[in-house]
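Structure record follows, encoded as structure tokens.
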Amino acid sequence: MSSNSSSLKTDEAILFADDEQHEKQQTETWKLLVVDDDQYMHQITRLVLDKFTFQNKSLTILSAYSGIEAQAILSQHSDIAIILLDVVMETPDAGLIFVEYVRETCRNHFAQIILRTGQPGYAPEKEVISKYEINYYANKTELTAQKLFALITSCLRAYNNIMTLEGYRQNLELMVQARVGELREKNAQLIQLNQEKNEFLSITAHDIKNPLSNIKVYAEEIETDYDRLPKNDVVKFARLIRHSSLQMLNLVKDLIDVNRIESGAMPFAFRKMDLLPLVNALIMQYKRRAEEKNIQIKCITDKPNYLIYADEIRVHQILENLISNAVKYSLHHKQVTICLSSHSDKVRCTVADEGPGLSKEDQQKLFGKFTRLTPKPTGNEHSSGLGLFIVKKLTEAQQGQVWCQSTLNQGSQFIVEFNLDTQPITR
Numbered sequence: 489m490s491s492n493s494s495s496l497k498t499d500e501a502i503l504f505a506d507d508e509q510h511e512k513q514q515t516e517t518w519k520l521l522v523v524d525d526d527q528y529m530h531q532i533t534r535l536v537l538d539k540f541t542f543q544n545k546s547l548t549i550l551s552a553y554s555g556i557e558a559q560a561i562l563s564q565h566s567d568i569a570i571i572l573l574d575v576v577m578e579t580p581d582a583g584l585i586f587v588e589y590v591r592e593t594c595r596n597h598f599a600q601i602i603l604r605t606g607q608p609g610y611a612p613e614k615e616v617i618s619k620y621e622i623n624y625y626a627n628k629t630e631l632t633a634q635k636l637f638a639l640i641t642s643c644l645r646a647y648n649n650i651m652t653l654e655g656y657r658q659n660l661e662l663m664v665q666a667r668v669g670e671l672r673e674k675n676a677q678l679i680q681l682n683q684e685k686n687e688f689l690s691i692t693a694h695d696i697k698n699p700l701s702n703i704k705v706y707a708e709e710i711e712t713d714y715d716r717l718p719k720n721d722v723v724k725f726a727r728l729i730r731h732s733s734l735q736m737l738n739l740v741k742d743l744i745d746v747n748r749i750e751s752g753a754m755p756f757a758f759r760k761m762d763l764l765p766l767v768n769a770l771i772m773q774y775k776r777r778a779e780e781k782n783i784q785i786k787c788i789t790d791k792p793n794y795l796i797y798a799d800e801i802r803v804h805q806i807l808e809n810l811i812s813n814a815v816k817y818s819l820h821h822k823q824v825t826i827c828l829s830s831h832s833d834k835v836r837c838t839v840a841d842e843g844p845g846l847s848k849e850d851q852q853k854l855f856g857k858f859t860r861l862t863p864k865p866t867g868n869e870h871s872s873g874l875g876l877f878i879v880k881k882l883t884e885a886q887q888g889q890v891w892c893q894s895t896l897n898q899g900s901q902f903i904v905e906f907n908l909d910t911q912p913i914t915r
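For the sequence shown, the numbering used here begins at 489 and goes up steadily by one.
So, in structure tokens, the structure goes:
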């Protein structure tokens, strides 16, 4: 065990403080843990280091008189910078056991451990240095006040550098994690885009294949039997070729619109316009197609005009799609109702059909791109799955809203709202 005789030499000039220890008022200090069963070693260490500062920070000295007590203190102070450690305490190897606790159990490789022993025979320097992760080995009889000052300064400098590097490492790790997260997100987006591309190619190929096949068949029929075909058959085949061509042309137009919308290249020309004449024109446009299914198109209004501030071409595109869908998906001998109304600072257009309605599952994916819904056109009309996606994007680009209210087997209502003519559009 250590004795009072094995004390620090004081041959160098030392300025001792008053006997009464005073509390340091600084908010941040270096923590030094003294682990020794000799009360005198604690006292002399505090006296020697009382005025010590490093980088404008003083020392907070913690005391433990056994390895077990030191473990308890370490569990409460994870930021201890230096441990001044005796070897022989409650057991001949208590200090060495504590070193293993610090490094292996606590995984603390930052604290600088100074093994300060008065009985080097119990812990020979060469053996201890090679076997244990300690930073310095000192014999109590050789550790003068000046050497202790120098050793503490050196250890704090090393600890500070290690913690600075650890801070850099942690920040770098956070940056790497953030970057990995970004890359994963980008990768997920690329996977999603690739899936959408594959789906796009598959759907487009399918939608183009059928009309192209029809054109090929009808053209071959005319080419092979043109001299024997009645004129009416030639006209019929030509009409079918024209219909298939328009089907492909409409698909190409939709694809172009989707690309322009997603790239932000869709042009808009906002102005004051009346919604009612546009609706009446669309009713006339789809009247014949509706009559083929014995469907009546009805318009309900409560005033002579409905002025809005919007792009007339895009509004026409929106309403044409909604009215076309209402006719396309309505059952025969039913009615399509278009209702215009004013609500606060909005003008609302509701397109209601008496079709099969939409399930909740269909409603959740209604405005998606390339959406295939459960209901099918009642007259074998073509659908690209892009129309409602375009409707939503064009409506939102004009600061409007569009939504659907539907009950399965009871029809659907598509409601679109536009700004009154007093509402300027900022894009």
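Here a beta-carbon is modelled for each residue, glycine too, at the ideal position from N, C-alpha and C.
Everything numeric in this text was worked out from a predicted model, so none of it was measured.
Tell me the DSSP bridge mates of Gln823?
Gln784
For Glu905, which residues does DSSP report across the bridge?
Arg836, Gln889
Given a cut-off of 8 Å, decide if Leu547 and Thr517 are closer than it, judged by their beta-carbon atoms.
yes
With distances taken Cα to Cα, identify the nearest neighbour of Asn686 among Ile640, Asn623, Lys857.
Lys857
Closer than 6 Å by C-beta to His530: which residues in its own chain qualify, once you throw out the five before and the five after it? Chain order, please.
Val522, Ser551
Measure the C-alpha to C-alpha separation of Ser490 and Tyr625 and round it to an integer number of angstroms.
With a pLDDT of 43 at Ser490, under the threshold of 50, the modelled position of that residue is not reliable, and the figure given next carries that caveat. Using only the alpha carbons, I get a separation of about 16 Å.
Quick one: residues in its chain with C-beta nearer than 6 Å to the C-beta of Phe906, no 5 flanking neighbours on either side, listed in chain order?
Ile796, Ala798, Val835, Gly888
Counting only the same chain and skipping the five closest in sequence on each side, list residues whose C-beta sits under 7 Å from that of Ser732.
Pro699, Asn702, Ile703
Based on the DSSP secondary-structure assignment, which residues constitute the bridge partners of Met577?
Paired residues: none, contrary to the question.
Within 8 Å, do at least three Cβ pairs link the segment 738-746 to the segment 764-783?
no
Three or more C-beta pairs under 8 Å: does that hold for the segment 841-861 against the segment 892-905?
yes
Could you tell me if Val723 is buried or exposed, where buried requires 16 or more neighbouring beta carbons within 10 angstroms of its beta carbon?
exposed
For the candidate residues Asn649, Phe758, Ser830, whose alpha-carbon lies nearest to that of Asp790?
Ser830
Enumerate in chain order the residues of its own chain whose CB-to-CB distance from Arg591 is below 7 Å, with the five nearest sequence positions on each side excluded.
His597, Glu621
Limits of the alpha helix (DSSP H) - the one that Asp627 falls within:
Per the sequence shown, the amino acid found at residue 627 is Asn instead of Asp. Premise fails: Asn627 lies in the beta strand (DSSP E), 624-627, not in any alpha helix (DSSP H).
Reduced DSSP category for Ser830 - H, G, I as helix; E, B as strand; rest coil:
strand
For the candidate residues His820, Ala726, Val824, Glu800, whose alpha-carbon lies nearest to that of Cys787?
Val824
Let me know the secondary structure DSSP gives Ile568 once reduced to three states.
coil
Opposing strand residues paired with Thr895 [DSSP bridges]
DSSP output for Thr895 lists no bridge partner at all.
Determine the extent of the beta strand (DSSP E) in which Leu550 is found, giving its start and end residues.
545-552
Ser900 by DSSP, collapsed to three states: which one?
strand
Are Ile585 and Gly555 close, meaning C-beta to C-beta below 8 Å?
yes
Just the Cα atoms here: how many angstroms apart are Asp524 and Pro580?
12 Å
For Met761, name the three-state secondary structure that DSSP assigns.
strand
Proximity below 8 Å, CB of Leu828 to CB of Leu763:
yes
Among residues of its own chain, excluding the 5 on either side of Leu639, which ones have a beta-carbon nearer than 8 Å to its beta-carbon?
Ile602, Tyr624, Ala626, Leu631
What separation, rounded to the nearest whole angstrom, lies between the Cα atoms of Ile571 and Leu520?
6 Å
So, with DSSP's three-state summary, where would you put Lys519?
strand
Beta-carbon proximity list for Gly873, same chain, < 7 Å, skipping 5 on both sides:
Ile691, Phe858, Thr859, Arg860
Close beta carbons around Asn782, own chain, < 7 Å, minus the five adjacent residues each side:
His820, His821
Assigned exposure category for Asp745 - 16 Cβ within 10 Å defines buried:
buried
Span of the alpha helix (DSSP H) around Gln996
Outside the displayed span of the chain (489 to 915) sits residue 996, for which this structure offers no information.
Give the straight-line distance between the Cα atoms of Gln677 and Trp891, rounded to the nearest whole angstrom.
27 Å
Asp526 to Val616, Cα distance in whole Å?
21 Å
Reduced DSSP category for Tyr714 - H, G, I as helix; E, B as strand; rest coil:
coil
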